[in-house]
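In the numbering used here, the protein residues as written are 26 to 470.
Shown next, in structure tokens, is the structure this report addresses.
So, in structure tokens, the structure goes:
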């Protein structure tokens, strides 16, 4: 009897197991890779094709980037049957075609194919060329109740959306948990009451805007502001009576990440950050620019993780001294003139208790040479273990632990201080949301 081929042996598996193997292979692929991989699987043999077509869970990722993908999208929508789906619409135009009438016709064809199934959408991601194209989608979807939609991302490539009041995308988004969009486009969803994560870019709110945002999202847990800007005419009329302005966040808000692109070094910069009251904040991430933390962030008694990236810190001692519950400090691509002692309150001349009595972990990530930073961080670690920390971890970029260790090996006197590598040192702020072509704006200044 001839020896069985690998395909023949695999075909002896139950259909459910074979489908699970295929699903596992798709799990970490980009949305655009599902279609060619499934086509390849179906081409191996008739049995694999039958199993694949019959497994509705394999067809739930619908990726559309041109009119050519519509037949495949139609097949995916039909084969996914009644399952929840993930829909991605992007790359619908070439730059020279952005105002072409053919784009609108193409989008109308896309909406005709997707509209009967869009109520099943679990996630919807749309990257569109302009507001006119958005209006085509809005016209097609506006009467649909998207009660299965948990995550929505809408981005326009060539519109700044300077004014509010854009038409809604759906009639109902009752259970929307994650919303990622730009500027004043918040109003395109009829309800934000169940939002737990909100990402906004190019956002220039007044005090009233940000308070209304919080009031509309009482369950908000994470707020991410990409390219946060200030309103130059920020509520000046309300300041004449001398009444202090306080913006109260929901008690559920635990994480705040902000990337800023202008100087924040005094209390007259005209932004809303210095008016925020977030009593339960546990994670704070700041990216870019000069920012006076004393002025802009107060009373963060429950803060446990602080991440600073590309920041130029000024006169922030009192802010750091107030972080009594801080467990983790992350420093990424900081200014080369940064003195770690400025953050910790530790000096060689007059040893003192560490500013952070519960600190047990520091991430230090940089593309530059380490210079004196390893020694300063070791000082901080040894102060913390001397104050009772059972184990202190210094994390560095993957591939640089030996370089870091060589800089301080002769100085390590306590076995409770350990050094380890971290493969990914990123935070909540996305690099491609803060600058051009994946680079941060401050790389050019």
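Virtual Cβ for every residue (Gly too), placed ideally from N, Cα, C.
By the 10 Å Cβ neighbour count, where 16 or more other Cβ atoms means buried, how is residue i classified, buried or exposed?
i: residue 404; result: buried
i: residue 386; result: buried
i: residue 434; result: exposed
i: residue 424; result: exposed
i: residue 277; result: exposed
i: residue 110; result: buried
i: residue 42; result: exposed
i: residue 53; result: exposed
i: residue 46; result: exposed
i: residue 439; result: exposed
i: residue 303; result: buried
i: residue 258; result: Here residue 258 scores only 46 on pLDDT, less than 50, and its place in the model is too uncertain to base an answer on.
i: residue 137; result: exposed
i: residue 416; result: exposed
i: residue 284; result: buried
i: residue 398; result: buried
i: residue 139; result: buried
i: residue 85; result: buried
i: residue 402; result: buried
i: residue 65; result: exposed
i: residue 39; result: exposed
Does the ligand GTP have a heavy atom nearer than 7 Å to the CB of residue i?
i: residue 238; result: The ligand content of the structure shown is nil, which means the ligand GTP is not present either.
Return the bridge partner residues of residue i from the DSSP annotation.
i: residue 310; result: 282, 332
i: residue 302; result: 273
i: residue 408; result: Looking at the DSSP assignment, residue 408 forms no beta bridge with any residue, so it has no partner.
i: residue 247; result: 222, 280
i: residue 170; result: 197
i: residue 131; result: According to DSSP, which records beta bridges pairwise, residue 131 is partnered with nothing at all.
i: residue 148; result: 111, 176
i: residue 17; result: Since the first residue shown for the chain is 26 and the last is 470, residue 17 is missing from the structure and cannot be characterised.
i: residue 357; result: 334, 390
i: residue 234; result: Answer by DSSP bridge pairing: none, since residue 234 is not bridged.
i: residue 65; result: Bridge partners of residue 65: none, in fact.
i: residue 207; result: 226
i: residue 89; result: 114
i: residue 447; result: 422
i: residue 45; result: According to DSSP, which records beta bridges pairwise, residue 45 is partnered with nothing at all.
i: residue 181; result: 153
i: residue 253; result: 285
Would residue i pass as a contact of residue j if the rule is Cβ separation under 8 Å?
i: residue 195; j: residue 166; result: yes
i: residue 50; j: residue 282; result: no
i: residue 216; j: residue 193; result: no
i: residue 63; j: residue 91; result: no
i: residue 87; j: residue 310; result: no
i: residue 207; j: residue 226; result: yes
i: residue 279; j: residue 238; result: no
i: residue 328; j: residue 344; result: no
i: residue 243; j: residue 274; result: no
i: residue 442; j: residue 429; result: no
i: residue 337; j: residue 355; result: no
i: residue 204; j: residue 191; result: no
i: residue 300; j: residue 251; result: no
i: residue 154; j: residue 171; result: no
i: residue 382; j: residue 411; result: no
i: residue 144; j: residue 169; result: yes
Taking 8 Å as the threshold (beta carbon to beta carbon), is residue i in contact with chain C?
i: residue 359; result: Checking the listed chains, one finds no chain C in this structure; it contains a single protein chain.
Spatial neighbours of residue i within its chain, please: CB distance less than 7 Å, with the 5 preceding and 5 following residues excluded, ordered by chain position.
i: residue 358; result: 334, 335, 390, 391, 392
i: residue 376; result: Its pLDDT being 48, under 50, residue 376 is placed unreliably in this model, and the value from its coordinates should be taken loosely. Answer for residue 376: no residue qualifies.
Using a Cβ-Cβ cut-off of 6 Å (strictly less than) and excluding sequence neighbours within five positions of residue i, which residues of its own chain qualify?
i: residue 384; result: 351, 409
i: residue 142; result: 102
i: residue 37; result: none
i: residue 487; result: Outside the displayed span of the chain (26 to 470) sits residue 487, for which this structure offers no information.
i: residue 152; result: 115, 180
i: residue 308; result: 280, 330
i: residue 236; result: 272
Keeping to the same chain, check which residues put their C-beta closer than 8 Å to that of residue i; ignore five residues upstream and five downstream.
i: residue 174; result: 146, 147, 148, 149, 195, 198, 200, 201
i: residue 240; result: none
i: residue 94; result: 60, 88
i: residue 426; result: 444, 445, 446
i: residue 214; result: 177, 193, 194, 195, 198, 201, 204
i: residue 437; result: 403
i: residue 97; result: 60
i: residue 246; result: 221, 222, 277, 278, 279, 280
i: residue 353; result: 329, 330, 331, 384, 385, 386, 387, 388
Measuring CB atoms only, is the stretch 105-120 touching the stretch 59-75, in the sense that at least three cross pairs come out at less than 8 Å? no
Below 8 Å, how does it come out for the stretch 428-446 and the stretch 323-338: are there three or more Cβ pairs, yes or no? no
Just checking, does the stretch 72-80 make contact with the stretch 129-149 on the three C-beta pairs under 8 Å criterion? no
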